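Q: Note that numbering that gives the first Met the number 0 has the sequence shown beginning at 0, numbered continuously upward.
First, the structure itself, so that you have it in front of you.
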Amino acid sequence: MKIVVATGNKDKVIEIKEILRDLAAEVVTMKEAGLFVEAEENGTTFLENAVLKAKAVATEAAQSEEWKDAVVMADDSGLVIDALNGEPGIYSARYLGHDTSYREKNGDLIRRLTGISDEQRSARFVCAMAAVCPDGEVLTTEGAMEGRIGYEEHGENGFGYDPIFYLPERGCTAAELSLTEKNGISHRGKALRRMREKLMQIK
Numbered sequence: 000m001k002i003v004v005a006t007g008n009k010d011k012v013i014e015i016k017e018i019l020r021d022l023a024a025e026v027v028t029m030k031e032a033g034l035f036v037e038a039e040e041n042g043t044t045f046l047e048n049a050v051l052k053a054k055a056v057a058t059e060a061a062q063s064e065e066w067k068d069a070v071v072m073a074d075d076s077g078l079v080i081d082a083l084n085g086e087p088g089i090y091s092a093r094y095l096g097h098d099t100s101y102r103e104k105n106g107d108l109i110r111r112l113t114g115i116s117d118e119q120r121s122a123r124f125v126c127a128m129a130a131v132c133p134d135g136e137v138l139t140t141e142g143a144m145e146g147r148i149g150y151e152e153h154g155e156n157g158f159g160y161d162p163i164f165y166l167p168e169r170g171c172t173a174a175e176l177s178l179t180e181k182n183g184i185s186h187r188g189k190a191l192r193r194m195r196e197k198l199m200q201i202k
């Protein structure tokens with residue numbers, strides 16, 4: 000099985016390869032496959048955007064002799080903060096602009112939650128995953144990781160909003176977990192394991 004992941008995020012691909020390693024599949028990014036597609040993420044939910052991305056890259060892959068029989072996988076994920084009415088949500092990657100560092104994004108969210116109590120800082124990471132099979136069938140899965148927003152950044156592991164995402168049951172942020180620990184409980188890990196089960200049925 001060949002799997003093309005519709006992302007340019009190297010950290011995300013590392014997580015995906017780790018979780019899918021027992022599929023004995025060749026997992027590559029769209030760039031590594033020579034597929035350059037700018038999918039328009041104009042969906043209103045994480046799942047809609049994941050399907051849009053997967054279908055756009057799958058259309059391009061179908062024109063390639065090498066990748067026409069590949070499964071094209073895409074995810075859309077983000078941070079949902081209850082006290083901010085679900086922000087940044089589907090705009091997580093674009094929050095404050097694509098070129099803004101996550102240190103700035105994280106700092107802004109912490110400032111916006113000034114004066115908000117622990118109980119009201121509830122949040123979750125959400126991941127929706129879509130896989131387009133060579134025959135056109137679309138498989139979808141979702142996963143979530145519950146936590147709350149911390150008061151400052153902690154941890155050097157992970158990426159994005161991980162340093163401010165506090166996990167009360169672990170007593171640390173997502174950025175303080177090892178990759179193995181994070182994959183075991185993360186939103187992407189849950190969605191990927193569910194997707195792995197579906198892919199194993201069609202393999």
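Ideal Cβ placement from N, Cα and C applies to all residues, glycine included.
Values in this document were obtained by computation on a predicted structure and should not be read as measured data.
How would you label A73, buried or exposed, when you count the other beta carbons within 10 angstroms and need 16 or more for buried?
A: As a first step, residue 73 must be located in the sequence shown, where it is residue number 74. Per the 10 Å Cβ criterion, buried.
Q: DSSP three-state label for L138, please.
A: In the sequence shown, the residue the question calls residue 138 occupies position 139. It is a strand residue.
Q: For G135, count neighbouring Cβ atoms within 10 angstroms of its own Cβ and tell me buried if that reaches 16, exposed if not.
A: For the purposes of this step, residue 135 is taken as the residue at position 136 of the sequence shown. Counting Cβ neighbours within 10 Å, G135 comes out exposed, since fewer than 16 surround it.
Q: Is the beta carbon of K54 less than 8 Å from the beta carbon of D75?
A: Along the sequence shown, one-based indexing puts residue 54 at 55. Along the sequence shown, one-based indexing puts residue 75 at 76. The answer is no: Cβ separation not under 8 Å.
Q: Opposite F45 in the DSSP bridges: which residues?
A: Sequence index remark: in the sequence shown, residue 45 carries index 46 (1-based). Beta-bridge pairing links F45 to no other residue.
Q: Less than 6 Å between C-beta atoms, sequence neighbours within five positions excluded: which residues of the same chain meet that for A174?
A: Taking the sequence shown and counting its residues from 1, one reaches residue 174 at position 175. Around A174: G154, N156, G157, D161 and P162.
Q: Within 10 angstroms of the Cβ of E14, are there 16 or more other Cβ atoms? Answer buried if so, exposed if not.
A: Walking along the sequence shown from the start, residue 14 turns up at place 15. It counts as buried.
Q: Are there 16 or more other CB atoms within 10 angstroms of the CB of N48, so buried, or fewer, so exposed?
A: Sequence index remark: in the sequence shown, residue 48 carries index 49 (1-based). With 16 or more other Cβ atoms within 10 Å, it is buried.
Q: Ignore the nearest five residues each way along the sequence and tell me which others in E17's own chain have a CB closer than 7 Å to its CB.
A: Sequence index remark: in the sequence shown, residue 17 carries index 18 (1-based). The residues are L178 and N182.
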